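*Asks:* The structure is given below, and queries will be raised subsequently.
Protein chains: 2
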Amino acid sequence: MKVVHTIKELKTILGEHRKQGNKIAFVPTMGFLHEGHMSLIDHAKAAAPIVVMSIFVNPTQFGPGEDFERYPRNLERDCQLAADRGVAVLFVPDVAEMYPDKPKTNISVSNITSRLCGASRPGHFDGVATVVSKLFHIVQPDLACFGLKDAQQVAVIQQMVQDLNFPVEIIPCPIIREQDGLALSSRNVYLNTEERKQAVVLSQALAQIDLKFLSENTPKEVTRKVTELIESKPLANIDYVELLSFPSLEPINQFEDVTAVIVAVAVRFGNTRLIDNKIIKK
Amino acid sequence: MKVVHTIKELKTILGEHRKQGNKIAFVPTMGFLHEGHMSLIDHAKAAAPIVVMSIFVNPTQFGPGEDFERYPRNLERDCQLAADRGVAVLFVPDVAEMYPDKPKTNISVSNITSRLCGASRPGHFDGVATVVSKLFHIVQPDLACFGLKDAQQVAVIQQMVQDLNFPVEIIPCPIIREQDGLALSSRNVYLNTEERKQAVVLSQALAQIDLKFLSENTPKEVTRKVTELIESKPLANIDYVELLSFPSLEPINQFEDVTAVIVAVAVRFGNTRLIDNKIIKK
């Protein structure tokens, strides 16, 4: 595996692969890799012979008071994990490489970003859309893999790709969970023992939801039942519990109106904000 | 020359050229071609063996009450001119091909768009940046030629390309003028005989400006003198006369502070809004 830190070096290497007609699959990450990221590599490898992973903790998608500074980092371990799993090129730019000057260009995706994390984290998805656009232009992949734990992010990027005609296929990949159900996240390391124990309530609250449950409960009843179960844990501090259409992320009155719904939750345990979701297709 | 109307067909043709290692130069236009566009083709041909031109009157860059509906169109004549000048592929999508659904994604470039046409035409440069981004993703050119009559557009696109790492080289091309000095524009056909005669004042007012003139006049005196000359024509209705740094497009107090300035004017003759400019490098 080649580890490169500059755009110029990356372009030289990928230019060679492209000349040889090799398809390129891209896995953008913020590092501190876990099995969720590893499964993205597996999906990428299944789709293309060359897998490029990026590790970049993007400052523009963090709001004031969020965890940009303390976001967990361990490049040495990440390199080992990525190499062992079959990444061909690991792109690790620093902030000055990605933002040499104060940028004046912003990409925003409306509607899809007005609820869930878009409401809780103003500017977050502008930062995500803009940096993903930069990375797509730098890597020029044929396809890119994103995890569905960040389901709203997947919806935003798919909308951006469609609206702006990006020549990139987006592959949404399923959530990977711990044995007890907790969705894998680099932020799980922030949790203390008691928080970690109680955090399992997110996946438990979502596990009860299936087609039958949706047919027997109104959207309001669904969110009320999920909320009640999460609130039964004393350390849980709910940011949102919402049931929306997917991927348009709009409120719905009846399940009959849409082909897929998402129940999405964001909950704080101490200073740690966790998200999880379940998408149900009819 | 191949004339194609769909993105799919265009991609098939350009994919073949790319496989053969041919560089692609792109000339995006709104059609109703004149010698200004022809010179862009010449610049494109000098830089790459394959020239792709697009003709698309983009609705999202016109404001309410602007001339989208009556913007001059003549595809048959355009095809002939483009073919004769050496365009290999002419891409002519309709609005439904470019915007199959109501788009939710917007690209905006701040600062550079706050003055000149950005102030007179709110939303115009968002429409330009977004559609150029779409066209770049569809055509995937190595380089793209833009005319400096729309100097602010060139500055906006160069900023976007830099900020978003587009793998496209932007080639700004000089203004082409009528024998009497009027800058070529598809909108010149709107002018009646008397308006056409008086419109020459724009280029005359700019012609007096050179390094010596700038050293002998303050920025305020420059804009006052240009304004006075234009106002001497009874049919001229000034939208703006501004002297700014180029390409950052910020007001300046002294010429000593910057390496290049632009004097830019927008003037209405009847219902027709004309723009012109002169860039002076130190």
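Chains Y and E, in that order, give the protein sequences. The first sequence lines up with residues 1 to 282 when you count with my numbering. The second sequence lines up with residues 283 to 564 when you count with my numbering. Glycine is no exception: its CB is placed at the ideal position from the N, C-alpha and C atoms. Note that the structure is a prediction, hence the values are computed from the model and not measured.
(1) Is E:Ile562 closer than 9 Å to E:Ile458 when the C-beta atoms are compared?
(2) State yes or no: is the beta carbon of Y:Ser54 nearer than 9 Å to at least one beta carbon in chain E?
(3) For the region 209 to 220 of chain Y against the region 181 to 199 of chain Y, do three or more pairs of beta-carbon atoms, one drawn from each stretch, fall closer than 8 Å, so that the two count as touching?
(4) Comparing alpha-carbon positions, which option in Y:Leu90, Y:Asp150, Y:Leu135 and Y:Gln61 lies nearest Y:Arg121?
(5) Here's a check: name, in chain order, each residue in its chain whose Cβ is nearer than 8 Å to the Cβ of Y:Gly63, leaving out the five neighbours to either side.
(6) Distance cutoff 9 Å, beta carbons only. Does E:Asp383 sit that close to anything in chain Y?
(7) Please confirm if Y:Val154 has its CB atom under 9 Å from at least one CB of chain E.
(8) Quick one: what's got a C-beta closer than 6 Å to E:Val286's C-beta in the same chain, skipping five residues either side?
(9) Can you give the beta carbon distance from E:Ala370 to E:Met312, rounded, assuming they're within the 8 Å contact cut?
(10) For Y:Val201 and Y:His137, I'd like the C-alpha separation in whole angstroms.
(11) Quick one: residues in its chain with C-beta nearer than 8 Å to the C-beta of Y:Leu211, no 5 flanking neighbours on either side, listed in chain order?
(12) Does the beta-carbon of E:Ile337 have 16 or more other beta-carbons within 10 angstroms, so that it is buried, or is it exposed?
(13) So the alpha helix (DSSP H) E:Glu476 belongs to, where does it begin and stop?
(14) Apply the 10 Å Cβ neighbour rule to Y:Leu75 and answer buried if 16 or more other Cβ atoms are within range, or exposed otherwise.
(15) To the nearest whole angstrom, what separates the beta carbons of Y:Leu143 and Y:Ala82, a pair I think is in contact under 8 Å?
(16) Can you tell me which of E:Ile332, E:Phe308, E:Thr294 and E:Val549 puts its alpha carbon nearest to the alpha carbon of E:Glu477?
(17) Measure the CB-CB distance between E:Val523 and E:Ile534 and report whether it falls below 9 Å.
(18) Would you verify that the beta carbon of Y:Ser186 is, or is not, closer than 9 Å to some beta carbon of chain E?
(19) Taking 9 Å as the CB-CB cut-off, is E:Lys416 touching chain Y?
(20) Quick check: E:Asp408 and E:Ile394, are their CB atoms within less than 9 Å of each other?
(21) Between the C-alpha atoms of E:Val377 and E:Glu538, what's the straight-line distance to the nearest angstrom?
(22) Might you give, ordered along the chain, the residues of its own chain that have their beta carbon closer than 6 Å to the beta carbon of E:Asn559, omitting 5 neighbours on each side?
(23) Does Y:Val57 get closer than 9 Å to chain E when you measure Cβ to Cβ?
(24) How many Å lie between E:Arg248 and E:Met320 at the Cα?
(25) For a quick check, are the C-beta atoms of Y:Arg187 and Y:Asp78 less than 9 Å apart?
(26) Please name the residue in Y:Leu249, Y:Val132, Y:Ser110 and Y:Leu33 whose C-alpha comes closest to that of Y:Pro59.
(27) Only counting the same chain, and skipping five residues up and downstream in sequence, which positions put a Cβ closer than 7 Å to that of E:Lys515?
(28) Mind checking who Y:Pro219 pairs with in its DSSP beta bridge?
(29) Please return the same chain residues whose Cβ sits closer than 8 Å to the Cβ of Y:Phe146, not counting the five positions on each side in sequence.
(30) Determine the chain Y residues that contact E:Asn393 at a beta-carbon separation under 7 Å, and present them in chain order.
(31) Taking the alpha carbon of Y:Gly324 as the point to measure from, which residue in Y:Val189, Y:Glu250, Y:Thr223 and Y:His43 has its own alpha carbon closest?
(32) Counting only beta-carbon atoms, is E:Ser485 nearer than 9 Å to chain Y?
(33) Which two residues bound the contiguous alpha helix (DSSP H) that contains Y:Gly36?
(34) Taking 7 Å as the limit between beta carbons, can you name the residues of its chain near Y:Ala236, skipping five residues before and five after?
(35) What are the start and end residues of each continuous alpha helix (DSSP H) run of 4 or more residues lying completely inside the region 119 to 150 of chain Y, in chain order?
(36) Is it the case that the Cβ atoms of E:Ser485 and E:Ile557 are separated by a distance below 9 Å?
*Replies:* Short version:
(1) For E:Ile458 and E:Ile562, no; Cβs fall outside 9 Å.
(2) The C-beta of Y:Ser54 comes no closer than 9 Å to any C-beta of chain E.
(3) Result no; under three Cβ-Cβ pairs closer than 8 Å.
(4) Restricting attention to Y:Leu90, Y:Asp150, Y:Leu135 and Y:Gln61, the CA atom closest to the CA of Y:Arg121 is found in Y:Gln61.
(5) The residues are Arg121, Pro122, Gly123 and His124.
(6) At least one chain Y Cβ lies under 9 Å of E:Asp383.
(7) When Cβ-Cβ separations below 9 Å define contact, Y:Val154 makes no contact with chain E.
(8) These residues qualify, in order along the chain: Leu292 and Phe373.
(9) Going by Cβ atoms, the distance from E:Ala370 to E:Met312 rounds to 20 Å, so no, they are not a contact pair.
(10) Taking the straight line from one Cα to the other gives about 40 Å.
(11) A distance below 8 Å between beta-carbons, with the five flanking residues on each side excluded, links Y:Leu211 to the following residues of its chain, in chain order: Ile280 and Lys282.
(12) Under the 10 Å beta carbon count, E:Ile337 is surrounded by 16 or more other beta carbons and is classified as buried.
(13) Per DSSP, E:Glu476 is one residue of the alpha helix (DSSP H) stretching across Thr475 to Gln480.
(14) Classification of Y:Leu75: exposed, given that the 10 Å Cβ count is below 16.
(15) The distance from the Cβ of Y:Leu143 to that of Y:Ala82 is about 18 Å, inconsistent with a contact at the 8 Å cut-off.
(16) From the listed residues E:Ile332, E:Phe308, E:Thr294 and E:Val549, the smallest Cα separation to E:Glu477 is found for E:Val549.
(17) No, the Cβ-Cβ distance between E:Val523 and E:Ile534 is not below 9 Å.
(18) It does not: the Cβ of Y:Ser186 has no partner Cβ on chain E nearer than 9 Å.
(19) Output row for E:Lys416: interface = yes.
(20) Against a cut-off of 9 Å, the Cβ pair of E:Ile394 and E:Asp408 comes out as no contact.
(21) Cα-Cα distance, rounded: 46 Å.
(22) Residues of the same chain with a CB within less than 6 Å of the CB of E:Asn559, apart from the 5 flanking positions on each side, are Ala433, Ile544 and Ala546 in chain order.
(23) Chain E contact via Cβ: absent.
(24) Given a span of 283 to 564 for chain E in the structure shown, any question on residue 248 of chain E remains unanswerable.
(25) Going by C-beta atoms, Y:Arg187 is not nearer than 9 Å to Y:Asp78.
(26) Proximity to Y:Pro59 across Y:Leu249, Y:Val132, Y:Ser110 and Y:Leu33 peaks at Y:Val132, based on C-alpha coordinates.
(27) Non-local C-beta neighbours of E:Lys515 in its own chain, meaning closer than 7 Å and more than five positions away in sequence, comprise Gln480 and Val483, ordered along the chain.
(28) According to DSSP, which records beta bridges pairwise, Y:Pro219 is partnered with nothing at all.
(29) Closer than 8 Å at the Cβ level, and outside the excluded window around Y:Phe146, lie Pro28, Leu40, Gln153, Val154, Ile157, Ile170, Ile171, Pro172 and Cys173.
(30) Chain Y residues near E:Asn393: Lys104.
(31) Residue 324 of chain Y lies beyond the range of chain Y shown here (1 to 282); nothing can be said about it.
(32) E:Ser485 does not count as touching chain Y.
(33) According to the DSSP assignment, Y:Gly36 belongs to the alpha helix (DSSP H) that extends over Glu35 to Ala47.
(34) Excluding positions up to five away in sequence, the list reads Gln198, Val201, Ile230, Val267 and Phe269.
(35) Complete alpha helix (DSSP H) runs here, min 4: 124 to 139.
(36) For the pair E:Ser485 and E:Ile557, the CB atoms are not nearer than the 9 Å cut-off.
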